[in-house]
Amino acid sequence: MSISQDQVVSIRYTLKDDAGGVIDTSGDGAPLTYLHGHGNLIPGLERELAGKGVGDKVQVKIAPADGYGEHDAALVQRVPRRALKGVPNVRVGMRLHAQTEQGPRAVTVTQVTGDMVTLDGNHPLAGQNLNFEVEVTEVRSATAEELSHGHVHGPGGHDH
Ligand code: ZN
Numbered sequence: 000m001s002i003s004q005d006q007v008v009s010i011r012y013t014l015k016d017d018a019g020g021v022i023d024t025s026g027d028g029a030p031l032t033y034l035h036g037h038g039n040l041i042p043g044l045e046r047e048l049a050g051k052g053v054g055d056k057v058q059v060k061i062a063p064a065d066g067y068g069e070h071d072a073a074l075v076q077r078v079p080r081r082a083l084k085g086v087p088n089v090r091v092g093m094r095l096h097a098q099t100e101q102g103p104r105a106v107t108v109t110q111v112t113g114d115m116v117t118l119d120g121n122h123p124l125a126g127q128n129l130n131f132e133v134e135v136t137e138v139r140s141a142t143a144e145e146l147s148h149g150h151v152h153g154p155g156g157h158d159h
């Protein structure tokens with residue numbers, strides 16, 4: 000069975016940056032399982048996996064436009080520390096939910112200078128090439144319930 004729309008696909012993967020540093024990996028644990036064709040993976044990776052089957056290996060570099068998007072400077076803002084009341088010990092690398100000019104969104108603290116804090120609303124991997132090594136470990140048809148929810152249920156997926 001090859002990977003196409005509405006199939007449930009399990010993959011083992013390692014994601015590296017351009018310098019070869021590992022950003023994320025499925026490791027030795029359960030593979031990542033997703034419903035193909037429903038926007039659950041970044042577009043560039045879904046496209047590469049289409050037509051592949053169990054045992055196939057894919058090595059691909061995905062540009063930001065097909066990954067987590069370009070880094071958008073408009074999503075970076077500096078706020079006074081007092082604007083983050085209720086958040087003790089603000090430090091670089093923290094992920095927060097903040098009220099921004101674009102509404103509430105997840106932001107990352109990227110700089111703390113004196114009394115000013117820089118918040119970046121971009122995805123942490125925005126603007127980066129994504130170097131994936133992927134092995135397909137299972138392909139099956141989705142259940143009707145999975146299709147109606149738009150995501151996978153059961154082992155390796157989510158239950159509800
Ligand atoms: Zn569900």
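Position 124 of the sequence shown, counted from 1, bears residue number 123 in numbering that gives the first Met the number 0, the numbering being contiguous throughout. Glycine is no exception: its CB is placed at the ideal position from the N, C-alpha and C atoms.
Closer than 6 angstroms by C-beta to residue i: which residues in its own chain qualify, once you throw out the five before and the five after it? Chain order, please.
i	result
leucine 31	Ile10 and Ser25
aspartate 17	Asn128
alanine 42	According to the sequence provided, residue 42 is proline. The question's alanine does not apply to it. Within the same chain, proline 42 has close Cβ partners Asp65.
tyrosine 67	His122, Leu124 and Ala125
For the beta strand (DSSP E) that contains residue i, what are its first and last residues?
i	result
serine 9	6 to 15
glycine 102	102 to 112
tyrosine 33	31 to 34
glutamine 98	94 to 99
Between which residues of its own chain and residue i is the CB-CB distance below 7 angstroms, once the five residues before and five after are set aside?
i	result
arginine 94	Ala105 and Thr107
aspartate 23	Leu14
histidine 70	Asn121, Ala125 and Gly126
CB of residue i to nearest heavy atom of ligand 1: below 6 angstroms?
i	result
histidine 148	yes
May I ask which residues mark the beginning and end of the alpha helix (DSSP H) holding residue i?
i	result
glutamate 145	143 to 148
proline 42	42 to 48
Less than 8 angstroms between the CB atoms is what I'm expecting for residue i and residue j, so what's the real figure, rounded?
i	j	result
valine 133	valine 57	5 angstroms
leucine 48	valine 8	7 angstroms
valine 135	glycine 52	6 angstroms
Enumerate in chain order the residues of its own chain whose CB-to-CB distance from residue i is below 8 angstroms, with the five nearest sequence positions on each side excluded.
i	result
proline 79	Asp114, Met115 and Val116
threonine 161	An answer regarding residue 161 cannot be provided, because it is not within the stretch 0 to 159 covered by the chain.
Inter-stretch contact at 8 angstroms, needing at least 3 Cβ pairs: the segment 84 to 99 / the segment 55 to 67: With a cut-off of 8 angstroms on Cβ pairs, the segment 84 to 99 is not in contact with the segment 55 to 67, counting fewer than three such pairs.
Quick test of the definition: if touching needs 3 or more C-beta pairs under 8 angstroms, does the segment 73 to 84 touch the segment 109 to 125? Cβ pair count under 8 angstroms is three or more, so yes.
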